[in-house]
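Input: a single structure, listed below in structure tokens.
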Amino acid sequence: MERTWCLGRRVSLGRRCLLGRVCLQLHLSVQGSSGEAMDQRLQQAQRFKEDGNRCYKEGLFRDAVSRYHRALLQLRGLDPSVPSPLQAFGREQPPVTPEQERALHGTQTDCYNNLAACLLHMEPVNYERVKEYSLKVLERQPENPKALYRAGVAAYHLRDYDQARHYLMAASCSQPRDANVKRYLQLTESQLSTYHQKEKQLYMGMFS
């Protein structure tokens, strides 16, 4: 679909605008509009995700990150819960069935969860991004133990110990025997204890 917007004085010649008018022609299209159906995009995203999983198992974390991003790119503009920029130009999002929406959200959630896992293996670790991806998972799956753990780890390294304890305690409820959860919870409690002890000494010094 082609649309033309013109600013200024108009002199028309067919479909063209002349004499100083500033014209903007936009060819509006959604990826896949030329014959590629919604299911095909979902399937392509699933294939990219599976490629990412294979790369992750082989220790190719950067390649895995690339595949997960490509999967998410396939899904861009399809999520009915996210306003599309194309709506500003009168273009509606393609309709999504309940089954397609479940597949869409499932693939998105898996990719964000796996991206967070990959980043924890890549030095230097971008804990801000790990936290961001983990929180995207928790928006749809508030009790996802892996996302809770990774959000807690990220918060710990970002020195937000209260938030780290919140996420790690929640992860511990579903994974009480997980050694990594226990270790980070102990580290967090230790940091909080040290902080509160210093705070107590500071107040005592102020009023002594």
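Be aware that the sequence shown starts at 964, since it is given in this note's numbering, and climbs by one per residue.
For every residue, glycine included, the Cβ atom is placed at its ideal position computed from N, Cα and C.
Query	Result
Mind checking Ser1135: buried by the 16 CB within 10 Å criterion, or exposed?	buried
Within the chosen definition, does the region 1097-1109 reach the region 1132-1152 through at least 3 CB pairs nearer than 8 Å?	yes
Since Leu1078 contacts Tyr1031 with CB under 8 Å, what's their CB separation in whole angstroms?	5 Å
Going along the chain, which residues of its own chain have a beta-carbon closer than 8 Å to the beta-carbon of His1120, five neighbours each way excluded?	Val1088, Tyr1090
What are the start and end residues of the alpha helix (DSSP H) that includes Asp1002?	1001-1020
Quick one: Cα of Tyr1086 to Cα of Arg1025, how far?	First, the amino acid is wrong: residue 1086 is Glu here, not Tyr. Spanning the two alpha carbons is a distance of roughly 11 Å.
If the criterion is Cβ atoms closer than 8 Å, does the pair Val1093 and Leu1083 meet it?	yes
Just to confirm, is the Cβ distance from Leu1041 to Met1001 under 8 Å?	yes
Have a look at Leu1148, Asp1125, Gln1006 and flag the residue whose alpha-carbon is nearest the alpha-carbon of Ala1066.	Gln1006
Name the two residues that bound the continuous alpha helix (DSSP H) containing Arg1030.	1024-1038
Answer with buried or exposed for Gly1022, where buried requires no fewer than 16 other C-beta atoms within 10 angstroms of its C-beta.	exposed
Taking a contact to mean a Cβ-Cβ separation below 8 Å, would you say Thr1060 touches Ala1008 in this structure?	no
Compare the beta carbon distance of Asn1076 and Ala1114 with 8 Å and say whether it is the shorter of the two.	no
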